[in-house]
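The opening residue of the sequence shown carries number 63 in this note's numbering; numbering runs sequentially from there.
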Amino acid sequence: MTGLILLNLGTPEAPTAPAVKRYLLEFLMDPYVIDIPWVWRWLLVHFIVPRRSHSSAELYRKIWTQEGSPLLVHTLGLAEKVQKQLGAEWKVVPAMRYGEPSLGGAVDRLRDSGVDRIVLFPLYPQYSLAATESSVRHFETEMRKQLPDMKWTWVPPFYDHPAYLDAAAAISKKHLPKADRVLFSFHGLPERQVKKSAPEAHCLEDASCCAAVTARNAQCYRAQCYATARSLAERLGLTEGKWEVGFQSRLGGTPWIQPYSDVLYETLPKQGVKTLAVLTPSFIADCLETLEEVAMRGKESFEKAGGQELTLVPSLNEDPLWVEAVSKIASGYYGF
């Protein structure tokens with residue numbers, strides 16, 4: 063039997079300041095997330111988190127449901143439905159890189175379930191040091207600790223996998239309104255992290271560096287995001303000039319990859335864009351960054367700048383087409 067871990071990034075256990083503080087401390091102390099020396103990271107994080115936990119808890123309360131965190135609810139639901147899709151030859155468990163259910167706990171559950179191999183499926187379409195690399199390295203540590211003799215593999219970034227793209231396009235079509243422009247808004251990253259992940263690519267040195275994914279920039283997050291956007295635009299029938307790419311969720315004063323989504327919300331209305339549809343292809347489940355940052359704050363900024371309507375297109379969540387795609391992608395790693 064094959065074990066399959068569906069791994070998402072994480073969420074606080076509750077929309078309260080203490081729960082958010084615990085989550086942020088674990089998240090931000092990861093050296094792959096804030097890639098500076100430990101002493102400076104510790105000082106920075108312990109300066110930021112006590113202040114940020116209260117304001118972040120207020121934001122989480124805006125999107126929290128009776129079932130709990132939307133990201134957790136959708137991840138649990140996805141795992142349950144993928145289990146039904148794959149059948150008895152697989153044991154599917156959900157996990158979070160930060161928070162609960164933990165990745166170590168998922169390995170422990172599989173250890174006691176009789177599996178003879180494990181597939182880790184990080185649910186991040188595009189590669190990054192902060193999400194992908196951190197998750198795989200943490201998984202390696204847990205496997206060495208708990209199951210040193212177990213055979214395992216992991217699903218690489220699936221930003222260009224036809225099953226993901228076809229599902230994302232078909233799901234988006236069901237919710238995509240008629241709009242003057244479509245914005246593909248991806249999670250942002252500091253420029254230094256993008257350059258570090260693709261040192262041979264000469265990242266961000268000219269405007270065309272992300273025009274195609276090549277051997278030199280194969281692990282470049284920004285290039286993979288643009289590749290995803292181009293593929294989805296083609297599947298959605300969006301012609302040139304009808305879609306944009308943006309990067310959201312930046313923090314601090316260090317340079318992050320551009321263009322910035324929050325700036326586009328303010329400038330697009332001045333270019334005559336009255337209606338805007340926003341897709342978030344780096345998020346496979348709706349979460350704080352989609353439901354609050356885009357659908358609430360982004361909408362407010364867009365309309366304040368003169369736009370008439372901003373519509374968030376739902377993420378893939380637990381849609382049957384996404385369940386089928388996840389099962390298909392994971393099955394490709396069955397035999398290792």
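Quick reminder that beta carbons are idealized off the backbone N, C-alpha and C, glycines included. No experiment lies behind these values; they were computed from the predicted model shown.
DSSP places R284 inside the alpha helix (DSSP H), whose first and last residues are Y283 to L298. The beta carbon of E355 sits closer than 7 Å to those of Q310 and S311, all from its chain and outside the five residues before and after it, given in chain order.
For A141 against T78, the beta-carbon gap comes to about 25 Å, at or over 8 Å, which does not count as contact. Across the structure, P163 and P74 are spaced so that their CA atoms are roughly 11 Å apart. Note that the region 286-295 touches the region 216-235; at least 3 beta-carbon pairs, one per stretch, sit closer than 8 Å. Per DSSP, the continuous alpha helix (DSSP H) segment holding I110 begins and ends at W100 to I125. Inclusion of H249 and S344 in the CB contact set at 8 Å is warranted, their separation being smaller than that value. Here DSSP, grouped into helix, strand and coil, assigns P252 to strand.
The shortest CA-to-CA distance from P184 to any of A192, V177 and D178 is the one to A192. Where M158 is concerned, the enclosing beta strand (DSSP E) starts and stops at W152 to Y160. Distance between T373 and W305, taken at the CA atoms: about 14 Å. Assigned with DSSP and collapsed to three states, Q310 falls in strand. Straight-line measurement puts the Cα of Q333 at about 49 Å from the Cα of E202.
By the Cβ rule, the region 266-277 does not count as touching the region 172-188, because fewer than three pairs are nearer than 8 Å. Under DSSP, L341 forms a beta bridge with F246.
Excluding residues up to 5 positions away in sequence, K304, W305, E306, L330, V335, T337, L338 and A339 lie with their Cβ nearer than 8 Å to the Cβ of R243 in the same chain. With respect to L90, V107 sits close: the two C-beta atoms are nearer than 8 Å. Close CB contacts of Q145 within its chain, under the 6 Å cut and outside five residues either way in sequence, are with V154 (chain order).
Boundaries of the beta strand (DSSP E) harbouring P184: R179 to P184, taken from the DSSP string. For E365 and D324, the gap between their C-alpha atoms comes out near 12 Å. Taking 8 Å as the cut-off, the Cβ atoms of Q286 and Y221 count as close. Annotation: the continuous beta strand (DSSP E) that includes I67 extends over T64 to G72. For W214, no alpha helix (DSSP H) segment is defined; the enclosing uninterrupted segment is the beta strand (DSSP E) at K213 to W216. By a beta-carbon distance limit of 8 Å, L69 does not contact R171. Their separation comes to about 13 Å.
Bounds of any beta strand (DSSP E) do not take in E142; it lies within the alpha helix (DSSP H) bounded by P132 to L148. In the three-state reduction of the DSSP assignment, L372 falls in the strand class, which pools E and B.
S164 is bridged by DSSP to M158.
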